[in-house]
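Here the structure comes first, spelled out in C-alpha cells, and everything after it is commentary.
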Amino acid sequence: MAKYNIGGYIFNDENSAKKAAKELKTVEYVLGQMKDADEEGVLKVYKKLLKQRLFSTEVGMGFLNQLRQNLLATGDFTEDDIPPVYIIEESVSEPTTQTKPKERPASDPVLPPKSEPKATTETEAPAKEKKVKEKKVKERREKKPISESDIGIVKRLRLINRLLTVCVIALLLCVIGMFYISSTINSPTILNYKEAITDEYASWKQQLDDREKALDEREARLNEREANVSDIEGN
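Dropping the structure here:
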C-alpha cells in the first residue's frame, strides 16, 4: 500500500494526502502573511483560522496547536485570551491518515501546550504566577498604544528632519552655483558697463589734459607780458 509523506506526516490514503497537501499550502500562505505581524496580529489570525475551520488533517491541526503554543510562550496573553483549538472527530476515526512511528516526532512539540497549563492551574503557586502574568499583560496592553503612537511621532519627525535637511542642502547648492556662474561667465551687461566707465574716464582725462594745456599757454603769455613791461620801464 502506497504511503504519502506530507509535512512530516505519513498518510496511507491518497485523498487524505491531497487534503493535507492543500492544507500545507494554506499554512505556508498564512505564515507569509504573518511575517511582519506583531503578537496581536498573530492572535487575530489564529482566531480567524479557528472561526473558519479551514484545517481538518494533522498538518493543519498541528499548525494551529503550534501557533497557540507560540502565543502562550510570548507571555503577553493568558489561557483565557487564546481560545483552544477545535477538535475534529473525523481525524480520530481515520486511522489511515498517520502511521504510528512518524506520528509522535511531528506532533510531540504541539501536544504540551494543552497539558502544561492545566497541570499548573492545579497547584497554588502557579495560580499566583498566573495572576502576576495577567497583571503584566494588562500593563503591556496599556503601554503598547502609547509606545506605538510615540514611535509613529518619532518616525514622522525624523522624516520631516530629513526633508528639511535635503531642502537646505539644495538651497546651499543653488547659492554656490549662482556665485560660480557670476564669477566665471562674462555677462554682456557687466562688460558694457565696464566699457562705458573706461570711455568716460578717457574723456575726463582728455578734458583735463586740454585744460592743463590751456593754462600753460596762458601762463606763458602772462610771463611774456610781464617781461615786455619790465623792459619798457627799464628804458
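The numbering used here runs 412 ahead of the 1-based position in the sequence shown.
We treat Cβ as the ideally placed atom computed from N, Cα and C, and that holds for glycine.
These figures come from a predicted structure and were not determined experimentally.
**Item:** residue 462 vs residue 442 beta-carbon contact at 9 angstroms
**Value:** Residue mapping note: residue 462 aligns to position 50 of the sequence shown, counting from 1. Residue mapping note: residue 442 aligns to position 30 of the sequence shown, counting from 1. Not in contact: residue 462 and residue 442 (Cβ atoms no closer than 9 angstroms).
**Residue from 464, 633, 544 and 592 whose Cα sits closest to the Cα of residue 488** = Position 76 of the sequence shown, counted from the start, is the residue given in the question as residue 488. For residue 488, the nearest C-alpha among the options comes from 544.
**Item:** DSSP bridge partner residues for residue 417 (one or two, in chain order)
**Value:** The residue you call residue 417 lines up with position 5 of the sequence shown. Answer is 422.
**Message:** What ranges does the alpha helix (DSSP H) occupy inside the stretch 462–504, keeping only unbroken runs of at least 4 residues that lie completely in it?
**Reply:** 470–486
**Item:** Nearest neighbour of residue 498, chosen from 575, 486, 474 and 431 [CA to CA]
**Value:** Stepping through the sequence shown from its first residue, residue 498 is reached at position 86. Out of 575, 486, 474 and 431, 474 has the C-alpha closest to the C-alpha of residue 498.
**Asked** Which whole-angstrom value is the C-beta distance of residue 472 and residue 479, which I expect to be below 8 angstroms?
**Response** For the purposes of this step, residue 472 is taken as residue 60 along the sequence shown, with counting starting at 1. For the purposes of this step, residue 479 is taken as residue 67 along the sequence shown, with counting starting at 1. In fact, because the Cβ distance is near 11 angstroms, the residues do not count as touching under 8 angstroms.
**Message:** Classify residue 591: buried if its beta carbon has 16 or more other beta carbons within 10 angstroms, exposed otherwise.
**Reply:** For the purposes of this step, residue 591 is taken as the residue at position 179 of the sequence shown. Exposed.
**Request:** Measure how close the beta-carbons of residue 439 and residue 446 come, nearest whole angstrom, since I'm counting them as under 8 angstroms.
**Result:** Within the sequence shown, the letter at position 27 stands for residue 439. Within the sequence shown, the letter at position 34 stands for residue 446. So it is not a contact: roughly 11 angstroms between Cβ atoms.
**Asked** Near residue 518, what residues of its chain come up, given a Cβ to Cβ distance below 8 angstroms and the 5 sequence neighbours on each side ignored?
**Response** Counted from its first residue, the sequence shown places residue 518 at position 106. Confidence at residue 518 is low in this model, with a pLDDT of 35, below 50, so the placement of that residue should be treated as unreliable; the coordinate-derived value is given next. Excluding residues within five positions, the ones whose Cβ falls inside 8 angstroms are 419, 420, 421, 470 and 474.
**Item:** Simplified DSSP state of residue 449, which is helix, strand or coil
**Value:** One-based indexing of the sequence shown puts residue 449 at position 37. Three-state result, residue 449: coil.
**Request:** Identify which residue in 468, 580, 450 and 457 has its Cα closest to the Cα of residue 434.
**Result:** Mapped onto the sequence shown, residue 434 falls at position 22. For residue 434, the nearest C-alpha among the options comes from 468.
**Request:** For residue 640, collect the residues of the same chain with a Cβ closer than 7 angstroms to its Cβ; drop the 5 residues on either side in sequence, then sort them by chain order.
**Result:** Here residue 640 corresponds to residue number 228 of the sequence shown, with the count starting at 1. Nothing meets the Cβ criterion.
**Asked** Rounded to a whole number of angstroms, what is the C-alpha to C-alpha distance between residue 604 and residue 587?
**Response** Translated into the one-based positions of the sequence shown, residue 604 becomes position 192. Translated into the one-based positions of the sequence shown, residue 587 becomes position 175. Distance between the alpha carbons of residue 604 and residue 587: 25 angstroms.
**Request:** Quick one: using the 10 Å Cβ neighbour count with 16 as the cut-off for buried, is residue 476 buried or exposed?
**Result:** As a position in the sequence shown, residue 476 is number 64, starting the count at 1. Classification of residue 476: buried, given that the 10 Å Cβ count is 16 or more.
**Exposed unless 16 or more other CB atoms sit within 10 angstroms - verdict on residue 563** = By one-based count along the sequence shown, residue 563 stands at place 151. With fewer than 16 other Cβ atoms within 10 Å, it is exposed.
**Asked** Does the Cβ of residue 625 have 16 or more other Cβ atoms within 10 Å, making it buried, or fewer, making it exposed?
**Response** The residue given as residue 625 occupies position 213 in the sequence shown. Exposed is the call here.
**Request:** Please go through the same chain and pick out, in chain order, the residues whose beta-carbon is closer than 7 angstroms to the beta-carbon of residue 546, but skip the five residues on each side of it.
**Result:** For the purposes of this step, residue 546 is taken as the residue at position 134 of the sequence shown. So the list reads 490, once near-sequence residues are dropped.
**Request:** Buried or exposed for residue 613, please, with buried defined as at least 16 other CB atoms from any protein chain shown within 10 angstroms of its CB.
**Result:** For this step, residue 613 is matched to residue 201 along the sequence shown. Exposed, since its Cβ has fewer than 16 Cβ neighbours within 10 Å.
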